[in-house]
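Protein chains in written order, with my numbering: chain A, 374 to 564; chain B, 374 to 564; chain C, 374 to 564; chain D, 374 to 564. Even glycine gets a Cβ: it sits at the ideal position worked out from N, Cα and C.
There are 4 protein chains.
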Amino acid sequence: MTPARLEAFSDGVLAIIITIMVLELKVPHGADLAAIRPLVPVFLTYVLSFLYVGIYWNNHHHLLKTVRQVNGSTMWANLHLLFWLSLFPFATGWMGENHAAPLPTAFYGAVLLLAGIAYYILQSLIVRQHGPDSRLAAALGRDLKGRLSPVLYAAAIPLSFLNPWLANAVYVFVALMWLVPDRRLVTVLSE
Amino acid sequence: MTPARLEAFSDGVLAIIITIMVLELKVPHGADLAAIRPLVPVFLTYVLSFLYVGIYWNNHHHLLKTVRQVNGSTMWANLHLLFWLSLFPFATGWMGENHAAPLPTAFYGAVLLLAGIAYYILQSLIVRQHGPDSRLAAALGRDLKGRLSPVLYAAAIPLSFLNPWLANAVYVFVALMWLVPDRRLVTVLSE
Amino acid sequence: MTPARLEAFSDGVLAIIITIMVLELKVPHGADLAAIRPLVPVFLTYVLSFLYVGIYWNNHHHLLKTVRQVNGSTMWANLHLLFWLSLFPFATGWMGENHAAPLPTAFYGAVLLLAGIAYYILQSLIVRQHGPDSRLAAALGRDLKGRLSPVLYAAAIPLSFLNPWLANAVYVFVALMWLVPDRRLVTVLSE
Amino acid sequence: MTPARLEAFSDGVLAIIITIMVLELKVPHGADLAAIRPLVPVFLTYVLSFLYVGIYWNNHHHLLKTVRQVNGSTMWANLHLLFWLSLFPFATGWMGENHAAPLPTAFYGAVLLLAGIAYYILQSLIVRQHGPDSRLAAALGRDLKGRLSPVLYAAAIPLSFLNPWLANAVYVFVALMWLVPDRRLVTVLSE
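Here it is as C-alpha cells:
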C-alpha cells in the first residue's frame, strides 16, 4: 500500500468527522435568542473539537509525508487512530449538551488521551520502521508537545470531577499549544 | 504540503457540507400536499445554500490553482473558511424551518459574512505570499464582487429585523451576482 | 478546471448521497419481525435508489472521460445534476415510509425526471463543446435509452395517482434497462 | 474505467460508512454513568463493525491492486459489495440497541454473510478476468479464510436464536482471524 492511499482514506474520514460534528448542533424549534442560548456551549465545544481535528489533520499529513512504505501494522495503527477520532462527534455532543458536567468532561479528556496515545503509537511505528537517523526522527527532536499533551489530558480527567471548567481550560491550552507556531511556546516549555 | 492535498481535503469537506444540508429537509410523516407544504421554505433555503457552496467551491478552486506552496498560515486560513462553511447546514435549517423569521435570517447573513471574511483573509494571504505582480493579483483586479459581497451581507443583518424578505432578496442577489458570468454585472457595478 | 477534479468532486458527492440514503432506514426500537416489517418498503426503495445512483455514477464517469476541458457552463450543469441527485435520499425516504402512496410516488418520479433532464443538459453541453464528430457524439449514437427514460418518468408521474405500483414498475423497468448490458434491450427497443 | 477511480469511489463510500456508523451512538440526555450504560453494547458493536469495515478496506485494496482493467461486471460486482456494506450502520445500530437480541443478531450475521458473498463474487470475477496463473490467483492460494468466513457466518445465523452471545463470539472470532497476521492462524486452520 502506498502512503498516498492511506492518506487519501484518512483525509476522507477526517473530512467526514469534522463535518458531521456540526450535526450535534441541532436546529432549534424557536426563532428567538432563548432558543439559541442553550446551543452556545455546544457551539464552543464544536469550535474546540474542530481545532483538534484540524491539528490532527495537519500533523498526520506531516507524519505520513515521511513514510515511504506502508505495512500492515502502520495500516492498523492508523485505523486505530481514526477509531478514537471517530468518537469526537459523540464526545463533543455529550460535553456540549451537558454544559461541561463532570463525567462528559472527563470522557472528552479520555477520548483526547486515547487519540493522543494512538497517534504516538503510529508515530513510533513509523520512526522504528525508518530508523532513528531518519528525517522524521530528526524532525520530532525531543517532541515536547507530543509528550506533554497526553500528560495534560490524563491530568484533566480527574480534574473534571473537581472543576470541569479547569479541565476545559486544559483542553483549550493544549489546542493552543499546537496552534501557536512551534518556536515560541516550545522554547518556553523546554527551558 | 502541496496545494493538491489542501484542495482534495477542502473538496471532501465541501462535498459533505453540500450533501448533509439536504438532511435538514426532514421526511414528513404524511403523504399529501399538506405534509410537504411546510417544507417549501426549507427547500428554497436549501437551493440558496447549495448555490453558495457551489460558488465557494468554484472560486476556491480558481484561488488554489494559483498557489505554488502551502504554508502553515494558508492551511489554517483555509480551515477557518471551512469552519464557517460548516455552519451552512445549521444556518440553512434554522432559517428554513422558521420561514425567514428575523433572528434566523440575520444569523444566516452573519454566517455568510464570516465565511466571506474568511475567504478574503485566505485570498489576501495567498496574494501576499505570491506578490502583487502575481497571476492571482492580476486576475483579481479590483475584485469588485469580493469587496461588495461582505458589505451587502453586513447590510442585510440589521435589515433582517426590519424586513427579513428584503434581507433574503439581498442574499439571492449576491448569489446571482456570482453566478452570472462576470463581465456583464461587474461592468454595470463598476461604472 | 480539469475534468479530473470535477470528477473527484462529483464522486465525493455521489459517494455521500449513496451512503446517507441508508440513514432513512431508521433503526427500529423493537427486536422482532413486527418491528422490521414496516421497513421492507423503505428497504426496497433504498435498493432502487442505490441502483439509480450507481447507474448515474457509471454513466457520469463515461461522459466525463470524453471531456478535455471544463468551462463554467459545464461546471454549473454538473452542479445542477448533483442538486437533483442530492434529493434522492429525501424522495427515497418519503416514498418508502408511505408505502408508495400516490403523491410521494409522483414526487420520486419528478426527481428522477429532473435529474434525467439535468444529465441531458450536461451531455448536450459537452457534445456541443466537442463537436458532432467527437467520440462522445459517436458513442451516444441515437441515445435511445437517454431519450426514452425522461418520457417514461414523465408518464409515471400522472400514473402515480391512478396506480402507484404501476409507476413503481416503470421506475424499476428504467433502472433495469440501464443495468442490462446495452445490446439486447436497445436492439429490441430500436426495432 | 481505471482501477484507481473504482478504488477512490469505494474508499469514499467506505470512509463514510465507517464514520456514520458512529451516529448510531446517540448522545444521551443525562450526564451520569446511568445515562451512558445502555450505550455500552452499542459501543461494542460499533468496535466490531469498525474492525470489519477496516478489514474490508484493507482486503479490497489488495484485491484491486491486482486489477489492470475494470469492466462493467467488475464495476457492478463492486457496487454490489458496497451495497451490503452500506447496511452495516443499520445492522450495527439494531443489534447494539437491542443488546444482542436473537433476530438483530441473526440479521447482523446475514449482512456479514451477504457482504462476504459479494466480496467472493467480485474476487472470482477478477480472478477469472486475469486467468488462473495471475498474481492474484497465486496470492489467494487456497483462500482458507475467504472460504471459512461465509460458513461461519451462515452457522451463526441459526445460532443467534439459540444463543446470541455465541453468535457474537463467532463474529468476533472471524474478525480476529482476519486481523491476526496471516501465517499463524491460517497454518493452524489448514492443518
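Query - Where the stretch 410-421 of chain A meets chain D: residues whose CB sits under 7 Å from a CB there - result: Closer than 7 Å at the C-beta level to chain D, one finds no residue of the stretch 410-421 of chain A.
Query - Proximity of L525 of chain A and V543 of chain A at Cβ, strictly below 8 Å - result: Yes, the pair counts as a contact, with Cβ atoms nearer than the cut-off.
Requested in this report: In the DSSP assignment, find the alpha helix (DSSP H) that holds R501 of chain C and state where it starts and stops.
Outcome: Element bounds for R501 of chain C: P475 to H503.
**Report entry** Per-residue DSSP class, three states only, for N444 of chain D
**Finding:** DSSP places N444 of chain D in coil when its eight states are reduced to three.
Query - Cutoff 8 Å: E470 of chain C Cβ touching any chain B Cβ - result: Closer than 8 Å to some Cβ of chain B, the Cβ of E470 of chain C qualifies, so yes.
Report task. Decide if the stretch 433-451 of chain D is in contact with the stretch 375-388 of chain D; the criterion is three or more beta carbon pairs, one per stretch, under 8 Å apart. Result -> Proximity of the stretch 433-451 of chain D to the stretch 375-388 of chain D meets the contact definition, three or more beta-carbon pairs being nearer than 8 Å.
Report task. Give the interface partners of V400 of chain C over in chain D, defined as CB-CB distance under 7 Å, in chain order. Result -> Under a criterion of Cβ atoms nearer than 7 Å, the residues of chain D adjacent to V400 of chain C are, in order, E397, F463, G466, W467 and E470.
Query raised in the report: chain B partners of I391 of chain A, CB-CB under 8 Å?
Result: Residues of chain B passing the Cβ test: V386, L455 and S459.
Report task. Note down the Cα distance separating G482 of chain B from H433 of chain B, rounded to an integer number of angstroms. Result -> Cα to Cα, G482 of chain B sits roughly 20 Å from H433 of chain B.
Query raised in the report: If we call anything under 8 Å between Cβ atoms a contact, is A527 of chain C one with S533 of chain C?
Result: Result no, Cβ atoms of A527 of chain C and S533 of chain C do not sit closer than 8 Å.
Query raised in the report: Is it buried or exposed for K442 of chain C, if we count other Cβ within 10 angstroms and need 16 for buried?
Result: It is Gln, not Lys, that sits at residue 442 of chain C in the sequence shown. Result: exposed.
Report task. Indicate whether the contact test is met: 3 or more Cβ pairs, each with one atom in the stretch 465-480 of chain C and one in the stretch 400-420 of chain B, closer than 8 Å. Result -> Segments in contact, yes.
Requested in this report: Below 7 Å CB to CB, which residues in the same chain sit around V484 of chain D once its five sequence neighbours on both sides are set aside?
Outcome: Excluding positions up to five away in sequence, the list reads W457, L460, F461 and A464.
Query raised in the report: Alpha carbon to alpha carbon, what distance is there between T439 of chain D and L517 of chain C?
Result: Using only the alpha carbons, I get a separation of about 36 Å.
Requested in this report: Return the chain-ordered list of same chain residues with a C-beta closer than 7 Å to the C-beta of W551 of chain D, the five sequence neighbours on each side being excluded.
Outcome: Hits under 7 Å: I428 and K518.
Report task. Say whether chain C places a C-beta atom closer than 8 Å to the C-beta of W551 of chain B. Result -> Not one chain C Cβ lies under 8 Å of W551 of chain B.
Query raised in the report: Given a limit of 7 Å on CB to CB distance, which residues of the stretch 432-443 of chain B reach chain C?
Result: The stretch 432-443 of chain B vs chain C, Cβ under 7 Å: H434.
Query - Where the stretch 477-493 of chain B meets chain F: residues whose CB sits under 7 Å from a CB there - result: The displayed structure is made up of protein chains A, B, C and D, and chain F is not among them.
Query raised in the report: Going straight from the alpha carbon of V395 of chain C to that of F423 of chain C, what length do you get?
Result: Going from the Cα of V395 of chain C to the Cα of F423 of chain C covers about 9 Å.
Query raised in the report: Does the separation of the CB atoms of A510 of chain C and V500 of chain C fall below 8 Å?
Result: Contact annotation: A510 of chain C and V500 of chain C have beta-carbon atoms nearer than 8 Å.
Query raised in the report: Expressed to the nearest angstrom, what Euclidean distance is found between the alpha-carbon atoms of L455 of chain B and H503 of chain D?
Result: One alpha carbon belongs to L455 of chain B, the other to H503 of chain D, and they sit about 44 Å apart.
Query raised in the report: Candidates C:E397, C:P537 and C:S383: which alpha carbon is nearest L412 of chain C's?
Result: The candidate whose alpha carbon is nearest that of L412 of chain C is C:E397.
Report task. Assign V400 of chain D to one of three DSSP states: helix, strand, or coil. Result -> It is coil, neither helix nor strand.
Query raised in the report: Comparing alpha-carbon positions, which option in B:L421, B:Y425, B:I409 and B:A529 lies nearest A488 of chain B?
Result: Cα-wise, what sits closest to A488 of chain B is B:Y425.
Query raised in the report: Do you know offhand how far V495 of chain C's Cα is from S446 of chain D's?
Result: The sequence as given places Leu at residue 495 of chain C; Val does not occur at that position. Separation of L495 of chain C and S446 of chain D (C-alpha to C-alpha, rounded to the nearest whole angstrom) is 26 Å.
**Report entry** Three-state class that DSSP yields for D516 of chain A in the structure shown
**Finding:** Three-state DSSP puts D516 of chain A in coil, outside helix and strand.
Query raised in the report: Which residues in the same chain as A474 of chain C place their Cβ atom closer than 7 Å to its Cβ, once the five residues preceding and following it in sequence are excluded?
Result: These residues qualify, in order along the chain: P537.
Requested in this report: Output yes if chain A places a C-beta closer than 8 Å to the C-beta of L539 of chain D; else output no.
Outcome: Taking a beta-carbon distance threshold of 8 Å, L539 of chain D does not count as an interface residue toward chain A.
Query raised in the report: So N432 of chain B is in the alpha helix (DSSP H); what residue range does that whole segment cover?
Result: Unbroken alpha helix (DSSP H) run through N432 of chain B: L412 to K438.
Query raised in the report: Whose C-alpha, out of C:L387, C:G466 and C:T418, is nearest the C-alpha of A548 of chain C?
Result: It is C:T418 whose Cα lies nearest to the Cα of A548 of chain C.
Query raised in the report: Could you give the residue range of the alpha helix (DSSP H) that holds S383 of chain C?
Result: First-last of the alpha helix (DSSP H) with S383 of chain C: P376 to I393.
Query raised in the report: Nearest-angstrom Cα distance between P477 of chain B and I409 of chain A?
Result: Straight across, the Cα-Cα distance linking P477 of chain B with I409 of chain A is about 10 Å.
Query raised in the report: If we count the other Cβ atoms within 10 Å of its Cβ and call it buried at 16 or more, is T392 of chain D buried or exposed?
Result: Label assigned to T392 of chain D: buried.
Query raised in the report: Within 10 angstroms of its Cβ, does V561 of chain B collect 16 or more other Cβ (buried), or is it exposed?
Result: Reliability of the predicted coordinates at V561 of chain B is poor, the pLDDT of 49 falling under 50, and the value obtained from them is presented with this limitation in mind. Around the beta-carbon of V561 of chain B, fewer than 16 other beta-carbon atoms lie within 10 Å, marking it exposed.
Query raised in the report: Which whole-angstrom value describes the C-beta separation of I530 of chain C and I389 of chain D, a residue pair presumed to lie in contact below a C-beta threshold of 8 Å?
Result: About 31 Å separates the two Cβ atoms, so there is no contact after all.
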